[in-house]
Amino acid sequence: MRAIVYVVPAFLSLIALIHPSHATEPATDDPVVPSFWNPKGVYDRPNSFPEKIQFLASDDFPPFVFRDASGRLTGFNVDLSRAICIELGSSCSLRIKEFEALVPALVEEEGDAIIAGLAPSPGLSEQLSFSADYLKLPARFVTRKAENAPFDETAMDGVKIAVEAGSRHERFALKFWPEALLLTYPDLSKARLAVKDGRADAHFGDGLALSIWINSEASQNCCTFAGGPWLEPGYFDTGLSIAMRKQDIERAEAIDYALRQLAQKGTFRELYLRYFPLSFY
């Protein structure tokens, strides 16, 4: 079981956080940045903050946690965890373990919080508490750039939509676009290839994964997002959050407070544009 630790002192400069040497410059066409906090909401500041937070994560989850060409640990979750600790004035560390070992490690108090793309589920919620979502994962359509006719989500009669068989995207399309012609494929790569090669008019899938695919060599610059993001309850409303032990109430309140502050101060926007220059919203 791997366990690699880096320590982030609480006094690190926010300037260094927002403009590291490995940052990707955001796109210049003013991409949409999601906001999950009510701007008019009034939130109490916790009475106390934890002196330290040891985050747990796996290092094979780009662009959230991964190692760059020099072997340095980097990613959206790495910088978000660092920003949380700076906001709270807490000392911070990130301990790397295999993904399957993260929940047992948290339960055994080998760390204080898991930041590894977990979403609340009935099974996990029995053991752990979760922060507010820091990133939701909408569904999106992609179409070929060469298409002449604009894509209209309200006029789907006979439109060929490629989806992954058995996915929530397939279930959603079957319910809400029964007039469309659904083309199901055993895996995502084949569903994406269908729209790339023109066998489907559009592909409906996970926006985050599609934003990475669109910018990759695999897409060969074929496609672009069409229509808006879909976040319907029961299908695409759960997002990524930070998991903690149920009894760790002080740390949970502090992390939620920090996430709100980072959103209000614009730090979350900086991080989102750094790692997702093609917004999936």
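Numbering-wise, the sequence shown is residues -23 to -1, 1 to 258 according to mature numbering (1 follows the signal peptide of the UniProt record, and there is no 0). Just so it is clear, CB atoms sit at the ideal spot from N, CA and C, and this is done for glycine as well. Note that the structure is predicted; figures quoted are calculated from it, not measured.
Residue burial classification, residue i (beta-carbon count within 10 angstroms, cutoff 16)
i	result
residue -9	Unreliable placement is indicated for residue -9, whose pLDDT of 27 sits below 50; the coordinate value is still reported in the next sentence. Looking at its Cβ environment, which holds fewer than 16 other Cβ atoms inside 10 Å, residue -9 is exposed.
residue 252	buried
residue 182	buried
residue 226	exposed
residue 122	exposed
residue 209	exposed
residue 155	exposed
residue 162	buried
residue 113	buried
residue 148	exposed
residue 247	buried
residue 12	exposed
residue 245	buried
residue 30	buried
residue 173	buried
residue 64	buried
residue 126	exposed
residue 140	buried
residue 131	exposed
residue 54	buried
residue 164	exposed
residue 20	exposed
residue 36	buried
residue 27	buried
Reduced DSSP secondary structure (H/G/I, E/B, other) of residue i
i	result
residue 139	strand
residue 12	coil
residue 218	strand
residue 167	helix
residue 206	strand
residue 249	helix
residue 101	helix
residue 183	strand
residue 49	coil
residue 152	helix
residue 90	strand
residue 67	coil
residue 173	helix
residue 41	coil
Residue i: first and last residue of the uninterrupted beta strand (DSSP E) it sits in
i	result
residue 131	Run containing residue 131: none; DSSP gives neither H nor E here.
residue 107	105 to 107
residue 240	Element bounds for residue 240: not the beta strand (DSSP E) but the alpha helix (DSSP H), 226 to 242.
residue 21	Per DSSP, residue 21 belongs to no beta strand (DSSP E) and is neither H nor E.
residue 119	116 to 121
residue 32	29 to 34
residue 255	Looking at the DSSP string, residue 255 is not in any beta strand (DSSP E), and its letter there is neither H nor E.
residue 162	158 to 162
Extent of the continuous alpha helix (DSSP H) run through residue i
i	result
residue 81	79 to 84
residue 196	No alpha helix (DSSP H) holds residue 196; DSSP gives it neither H nor E.
**Prompt:** Counting Cβ pairs, one atom from each stretch, are 3 or more of them under 8 Å apart for the segment 169 to 178 and the segment 134 to 148?
**Reply:** With the rule of 3 Cβ pairs closer than 8 Å, the segment 169 to 178 counts as touching the segment 134 to 148.
**Message:** For the pair the segment 105 to 124 and the segment 227 to 247, tell me if three or more CB-CB distances fall below 8 Å.
**Reply:** Contact holds: three or more Cβ-Cβ distances are below 8 Å.
**Asked** Does the pairing of the segment 68 to 84 with the segment 191 to 211 give three or more beta-carbon distances under 8 Å?
**Response** Verdict: no, contact absent.
**Request:** Give a yes or no on contact between the segment 88 to 103 and the segment 211 to 219, applying the rule of three or more CB pairs nearer than 8 Å.
**Result:** Contact check between the segment 88 to 103 and the segment 211 to 219: three or more CB pairs, one atom from each, fall below 8 Å, which counts as touching.
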